[in-house]
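Some notes on the structure that comes next.
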Amino acid sequence: MSLVHFVYGFIFISLFLLWKLINACYISPVRTLQKLRSNGLGGPTPKFPLGNLSDMKQMLIKAKSLSSSLSLSSSSSESISHDIHSSSLPYFAQWKKLHGKVYVYWMGVEPFLYIADPEFLKQMSGSVLAKNWGKPNVFRNDRIPMFGDYGLNMIEGNTWARHRHIINPAFSSTNLKVMANSMVESTTKMITQWTTLLTNSSKLELDMEKEVTTLAGEIIAKTNFGINSELGNVLLEKLRSMQISLFKHTRYVGVPYGHLLTMGQTLEARKLGQEIDEILLSIINSRRKVIGVEPQHDLLGLLLEGEEDNRVDGQFVKKLTTRELVDECKTFFFGGHETVALSMTWTLMLLAMYPKWQDELRKEIEEVIGEKDEIDFTMLAGLKKMGWVFNEVLRLYPSSPNAQRQARSDIQVGNVVIPNGTNIWIDVVGMHHDRTLWGDDVNEFKPERFDGDLYGGCKHKMGYMPFGFGGRMCIGKNYALMEYKIVMSLILRRFSFTVAPSYHHSPTYFFSFRPGSGVPLIVKPL
Ligand code: HEM
1 MSLVHFVYGF
11 IFISLFLLWK
21 LINACYISPV
31 RTLQKLRSNG
41 LGGPTPKFPL
51 GNLSDMKQML
61 IKAKSLSSSL
71 SLSSSSSESI
81 SHDIHSSSLP
91 YFAQWKKLHG
101 KVYVYWMGVE
111 PFLYIADPEF
121 LKQMSGSVLA
131 KNWGKPNVFR
141 NDRIPMFGDY
151 GLNMIEGNTW
161 ARHRHIINPA
171 FSSTNLKVMA
181 NSMVESTTKM
191 ITQWTTLLTN
201 SSKLELDMEK
211 EVTTLAGEII
221 AKTNFGINSE
231 LGNVLLEKLR
241 SMQISLFKHT
251 RYVGVPYGHL
261 LTMGQTLEAR
271 KLGQEIDEIL
281 LSIINSRRKV
291 IGVEPQHDLL
301 GLLLEGEEDN
311 RVDGQFVKKL
321 TTRELVDECK
331 TFFFGGHETV
341 ALSMTWTLML
351 LAMYPKWQDE
361 LRKEIEEVIG
371 EKDEIDFTML
381 AGLKKMGWVF
391 NEVLRLYPSS
401 PNAQRQARSD
411 IQVGNVVIPN
421 GTNIWIDVVG
431 MHHDRTLWGD
441 DVNEFKPERF
451 DGDLYGGCKH
461 KMGYMPFGFG
471 GRMCIGKNYA
481 LMEYKIVMSL
491 ILRRFSFTVA
501 PSYHHSPTYF
511 FSFRPGSGVP
521 LIVKPL
């Protein structure tokens, strides 16, 4: 090849790459924006290349300093505000006032259709099948270390339908019944530890976030994977470190080449992800050796059981490949403990703030369960008020504060066309804290709003969705409710809780809503 050909070739390739870059960073987003704007959708003005990311950061800093100066000026627990939408997601709260409940904002060069309008959501979800929803490609980099490529919440299309079909039976009531015993056992162990700590004193200060997260980790390790608490703790620690390296620092999501700015954190997260994979793989391999000897009731056992004779159209197909199994284990380990742990953490904080509800629940536990050491799965349905408290906690502090989607074809919602490829951000917290849907007491803790009403009096059924919507609704909902009721019943029977003076209320959005500096509570034996 002559030098002239080489130079022409080089220029051609460079121009082609430059065109691709300009197209991805400018032309394509502007086209999508124009399409969305032509439907009458407004939103904050983006600035290249960060979109609205720097506005979001500034608004958050301002809101945080405002809420910490308010909480410093008053130390009583009555001054704690549950309006986490304004304090922790101030950009969404402010843009909602300016642009309505459906608008477009930008993360880097990626437009996001923001939705906090339940009627719009109802119409949109009504026209898309669960398996046809996509998850935003722009988040894949962050999510893969946590859920792998094949975790249930990452996959789409027929692969998602196949996984969901295979996993569903693991959460049948027969299996849940068996799992209940493990939950009682782990909680009793924690109670014994607290009782030992209390032998020489009448009260104890404990960080409830730490306590219940460890407990929920142990429970998921046993009930889903049949592994001991030591190995469960190793996995838990690694998952926590991974989350910190992924989300503690500013991410430049949607910013062209933004991942290069956080390369160190991404590599650290991937390394931890691989270490977790190796541990899970060794658990899977040792379980494979004993499959067929005893009936399997945990998630892993059920996924492995029968994998050798699973036939479709006469052809042998493995239920799930080893890669898929590892990713599902990681997904369930993560999704199955953090969400429940957070719901229990916020519950204990709220019960400590509202002792009336502690007494109400204790009375109900006494009537339904009494002093029995074994908790029968069927008794739990009798804990009605506890169900209202669970619902109210998930309304005020949802463990899954948002849902994200990506359109995989044009979606018609009334007069609006959401173009193929549009990222969608459903603001669950925004809907749960919307005064027009709930009334003036929207930011108050009032479990009784769920008395006889599954939607807590919300004016629109899709305005309350702690477990998601449609076919992609949480697969672990019944498991979560069972664990919550068992743990709460056992500990409320034995201890009372008050807010420790050192508690600082600062719910922080960190993938989910977690306490900014733990939840120290004063624990007293009853
Ligand atoms: C209080 C506890 C929980 C809450 C609030 C919660 C909430 C949610 C929500 C909102 C979704 C839908 C996300 C979306 O639409 O993108 C979801 C999905 C999911 N949840 Fe949960 N969850 C909880 C407990 C659990 C537990 C205990 C497990 C497993 C044992 C679990 C496993 C999953 C999985 C695998 C998905 C993905 C389902 C799919 O895409 O088909 N969750 N959860």
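So for the sequence shown, UniProt numbering puts the first residue at 1; every next one is plus one.
All residues carry an ideal CB built from backbone N, CA and C; glycine is no exception.
Predicted, not measured: the structure shown is a model, and the values here were computed from it.
Hey, would you say residue i sits closer than 8 Å to residue j, going by beta carbons?
i: L52; j: W106; result: According to the sequence shown, residue 52 is Asn rather than Leu. Cβ atoms of N52 and W106: closer than 8 Å.
i: I191; j: L490; result: yes
i: L492; j: R362; result: yes
i: G456; j: N402; result: no
i: V138; j: E110; result: yes
i: F332; j: L235; result: no
i: G254; j: L300; result: no
i: M154; j: R143; result: yes
i: A130; j: R449; result: no
i: V104; j: G43; result: yes
i: P447; j: W357; result: yes
i: R395; j: G134; result: no
i: K246; j: A221; result: This sequence places Leu at residue 246; Lys is not what is there. It is not a contact, given that the beta carbons lie outside the stated cut-off.
i: V519; j: E209; result: yes
i: Y397; j: I84; result: yes
Reducing DSSP to helix, strand and coil, say where residue i ends up.
i: A24; result: helix
i: P256; result: coil
i: P355; result: helix
i: W388; result: helix
i: P44; result: coil
i: K35; result: helix
i: L129; result: coil
i: F510; result: strand
i: P523; result: Sequence check: residue 523 is Val here, not Pro. Of the three classes helix, strand and coil, the one that applies to V523 here is strand, per DSSP.
i: F467; result: coil
i: R405; result: strand
i: I115; result: strand
i: Y8; result: helix
i: V499; result: strand
i: Y455; result: coil
i: F316; result: Unreliable positioning characterises F316 in this predicted model, as indicated by a pLDDT of 49, which lies under 50. A coordinate reading is not provided.
i: G134; result: strand
i: L204; result: strand
i: N158; result: helix
Please report the distance separating the alpha-carbon of residue i from that of residue j.
i: H259; j: V293; result: 48 Å
i: Q243; j: M183; result: 25 Å
i: H460; j: L206; result: 39 Å
i: L325; j: A352; result: 40 Å
i: Y114; j: K96; result: 9 Å
i: I424; j: Q404; result: 6 Å
i: E278; j: K330; result: 11 Å
i: L17; j: Q265; result: 27 Å
i: V7; j: L15; result: 12 Å
i: H82; j: L239; result: 28 Å
i: S2; j: I11; result: 14 Å
i: S172; j: P29; result: 44 Å
i: I167; j: W160; result: 10 Å
Cβ of residue i less than 8 Å from any chain D Cβ?
i: W95; result: The displayed structure is made up of one protein chain only, and chain D is not part of it.
Less than 8 Å between the CB atoms is what I'm expecting for residue i and residue j, so what's the real figure, rounded?
i: K485; j: L383; result: 5 Å
i: M146; j: Q94; result: Not confirmed; about 30 Å, so no contact.
i: residue 539; j: D327; result: Given that the chain is displayed from residue 1 to residue 526, the structure contains no residue 539 and the question cannot be resolved.
i: F377; j: K177; result: 4 Å
i: D410; j: N420; result: 5 Å
i: P136; j: Q406; result: 5 Å
i: V487; j: T187; result: 5 Å
i: F445; j: L350; result: 5 Å
i: H432; j: Y464; result: 7 Å
By Cβ distance, which residues of its chain are closer than 6 Å to residue i, with the 5 residues on each side in sequence left out?
i: S86; result: A93
i: F316; result: Confidence in F316 is poor, its pLDDT being 49 and thus under 50, which makes the residue's placement too unreliable to answer from.
i: T213; result: A341
i: G232; result: G217, E218, A221
i: V4; result: none
Who are the Cβ neighbours of residue i in its own chain at under 8 Å, not counting the five residues just before and after it?
i: S400; result: T339, V428, P466, F467, G468, C474, S512
i: Y415; result: Note on residue identity: the sequence assigns Asn, not Tyr, to residue 415. Cβ neighbours of N415 beyond the five flanking positions: N39, G40.
i: S179; result: Residue identity differs from the one stated: residue 179 is Met in this sequence, not Ser. Closer than 8 Å at Cβ, skipping near neighbours: T223, H297, D298, Y479, M482.
i: V417; result: K35, N39, D410, I411
Suppose the cutoff is 7 Å on Cβ atoms and the five residues either side in sequence are ignored; what does the same chain contact list for residue i look like?
i: R494; result: I191, P525, L526
i: S125; result: F469, G470
i: G370; result: none
i: S202; result: K524
i: L261; result: Y252
i: L197; result: L204
Can you list the residues near the ligand FAD, meaning Cβ strictly closer than 6 Å to any non-hydrogen atom, in the order they appear in the chain?
-> As for the ligand FAD, it is missing from this structure, which binds only the ligand HEM.
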